[in-house]
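Working notes for the structure below.
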């Protein structure tokens with residue numbers, strides 16, 4: 009029942025807390041996996057902000073789950089139990105804070121990862137009983153999390169979406185959903201849900217498209 013009692017190496021979860029934490033545990037793991045797959049250099053700092061109703065829950069298991077999702081992308085041995093210790097041993101500063109009110113949802117989890125050459129922030133929420141990505145790099149986006157996804161960062165210029173769709177279509181890759189976020193400064197991010205996994209060879213072709221900054225195959 010997702011209850012943890014008499015544990016010496018992970019934060020306990022009571023019978024009362026378990027049903028409240030369950031959806032946020034799933035969201036936290038997926039948020040961690042997102043950051044871990046986008047960031048490909050050494051991480052220096054992880055900031056986690058719990059906003060709204062989730063801020064008054066027992067967030068220690070959520071922090072451990074987020075860390076395990078981030079770090080397990082490069083280290084298979086990282087899990088809920090040892091993730092905080094692994095982060096400490098790697099000299100990663102983990103900072104948690106809390107806000108009583110969320111911006112647009114009853115609860116939000118905001119994460120900012122500072123690495124050697126990149127500062128990547130994003131947020132997630134539970135809406136209609138489904139985990140969703142609600143912002144990436146300060147851009148509003150609403151994308152459901154699914155098994156096989158594609159993350160693209162690009163310059164917001166004409167022709168990008170057409171080039172992307174044409175390439176995927178030529179390679180017989182079907183797009184289930186397409187979510188786009190952008191800023192007035194000309195930056196954009198895309199989150200695509202795909203009907204099937206894509207090859208590393210196709211990732212290389214996507215990276216060569218005009219105006220593309222970064223492409224990451226995401227697996228949840």
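Residue numbers (our numbering): 9 to 228. Ideal Cβ placement from N, Cα and C applies to all residues, glycine included. Since the model is a prediction, treat every value here as computed from it, not as a measurement.
- By a beta-carbon distance limit of 8 angstroms, residue 79 does not contact residue 29. Their separation comes to about 21 angstroms.
- Three or more Cβ pairs closer than 8 angstroms define a contact, and the region 162–170 falls short of that threshold against the region 143–152.
- The three-state secondary structure of residue 86, taken from DSSP, is coil.
- Where residue 55 is concerned, the enclosing beta strand (DSSP E) starts and stops at 51–60.
- Per DSSP, the unbroken beta strand (DSSP E) holding residue 132 starts and ends at 127–135.
- Only exposed fits residue 208, as fewer than 16 other CB atoms lie within 10 angstroms of its CB.
- Separation of the CB atoms of residue 116 and residue 136 is rounded to 15 angstroms, and the pair is thereby denied contact status at 8 angstroms.
- The continuous stretches of alpha helix (DSSP H) do not include residue 138, which lies in the beta strand (DSSP E) extending over residues 138–144.
- Within its own chain, the residues whose Cβ lies closer than 6 angstroms to the Cβ of residue 55, once the five positions on either side in sequence are excluded, are 103, 120, listed in chain order.
- The shortest C-alpha to C-alpha distance from residue 195 to any of 213, 186, 162 is the one to 162.
- Assignment of beta-bridge partners to residue 161 by DSSP yields 197, 222.
- Residue 60 places its beta carbon less than 8 angstroms from that of residue 114.
- Within 10 angstroms of the beta-carbon of residue 45 lie 16 or more other beta-carbons, which makes it buried.
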